[in-house]
Ligand code: GLU
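Residue numbers (the working numbering): 103 to 409.
Next comes the structure, spelled out in structure tokens:
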């Protein structure tokens, strides 16, 4: 699982976004990035590998701005390179994503056929490309987000920042957890309460299918039908506990729900989903292997009457 953080704040956000990413390091990642909007312009810094590489880039070229989104990536589609690292930028739209867009192939083909030029091998880029397309078609950012969510399928936690609306972050959840943090004149978004712990202990987890518009003083949440909803605000105990259950009842439930993503990440090391081919594995010549021994542990969930 990767990590997502967002701040719509009243002072510089980049250093705080990177600090929040550090608290999500335990989830695993291969690259990282941060984007802010400042004086009407989106800017980003991204780096392969550890967060220290991103910090070095930011030290050389700091990012100003009071609104921003950030991401630690654990690649599923496309190599773990700086080019494929999030945030993705397309024409004034910036996107970070946790999960997998399952129908990215067909959307990519469709957009490419009508002139879109893709910069990355990721599934995520179709989200940014779709939003940019809808904005060019004259839709508002809000309508663009609603239309994009109606088009994509799969598992996602998304944070979206538009150049034209610097004081807003759009968020959506279908699968991976995403929490809104309520601050004092600032609002936050994070994959879990740990990321948000130093900012606020007042959080509300989005429910599957929810999307939200966050400003520095408010959060409007809508369900999958577009109906405004309230999600329970809870006092997070993240400062006391290092690991968070998200809005699952217990860790076993959380881990069960993480299985598809964990398997995708594991397979992602061996399969290039973007090109639909097996990746060569350094040091293993499969042609020379004559047998395989598999060891495993765990329980069967169901048993046939004769079994
Ligand atoms: N599927 C996306 C990618 O490969 C996001 C992976 C993640 O959850 O970090 O870029």
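Quick reminder that beta carbons are idealized off the backbone N, C-alpha and C, glycines included.
Work out the CA separation of residue j and residue i for me, nearest whole Å.
| i | j | result |
| --- | --- | --- |
| residue 362 | residue 373 | 15 Å |
| residue 197 | residue 139 | 13 Å |
| residue 124 | residue 380 | 32 Å |
| residue 324 | residue 386 | 49 Å |
| residue 288 | residue 110 | 6 Å |
| residue 227 | residue 327 | 25 Å |
| residue 213 | residue 137 | 24 Å |
| residue 354 | residue 393 | 34 Å |
| residue 150 | residue 283 | 28 Å |
| residue 134 | residue 246 | 26 Å |
| residue 255 | residue 219 | 22 Å |
| residue 117 | residue 164 | 9 Å |
| residue 105 | residue 293 | 6 Å |
| residue 241 | residue 248 | 10 Å |
| residue 358 | residue 383 | 28 Å |
Indicate whether at least one CB of chain B lies closer than 8 Å to the CB of residue i.
| i | result |
| --- | --- |
| residue 240 | Chain labels in this structure do not include chain B; a single protein chain is all it has. |
With a CB to CB cut of under 6 Å and the five nearest residues on each side skipped, what residues in its chain are close to residue i?
| i | result |
| --- | --- |
| residue 108 | 171, 261, 271, 291 |
| residue 297 | 107, 122, 125, 126 |
| residue 193 | 234 |
| residue 230 | 190, 192, 195, 197 |
| residue 209 | 228 |
| residue 200 | 104, 106, 259, 278 |
Give me, in chain order, the residues of the same chain whose beta-carbon lies closer than 7 Å to that of residue i; leave out the 5 immediate sequence neighbours on both sides.
| i | result |
| --- | --- |
| residue 391 | none |
| residue 251 | 274, 313 |
Could you pull out every residue in the same chain whose Cβ sits closer than 8 Å to the Cβ of residue i, ignoring the five residues on either side in sequence?
| i | result |
| --- | --- |
| residue 114 | 166, 167, 168 |
| residue 366 | 178, 202 |
| residue 321 | 282, 284, 289, 306, 314, 315 |
| residue 132 | 150, 151, 175, 176, 177, 182 |
| residue 330 | 322, 323, 324 |
Using 8 Å as the Cβ pair cut-off and three pairs as the minimum, do the stretch 145–153 and the stretch 176–191 touch? yes
Three or more beta-carbon pairs under 8 Å between the stretch 235–251 and the stretch 260–279, yes or no? yes
What residue ranges within the stretch 136–215 form continuous beta strand (DSSP E) runs of no fewer than 3 residues, ordered along the chain? 143–150, 169–175, 190–192, 195–203
Secondary structure, beta strand (DSSP E): runs of 3+ residues fully inside the stretch 287–338: 289–292, 304–307, 313–316, 321–324
Give the list of continuous beta strand (DSSP E) stretches no shorter than 3 residues that lie fully inside the stretch 103–140. 105–110, 133–140
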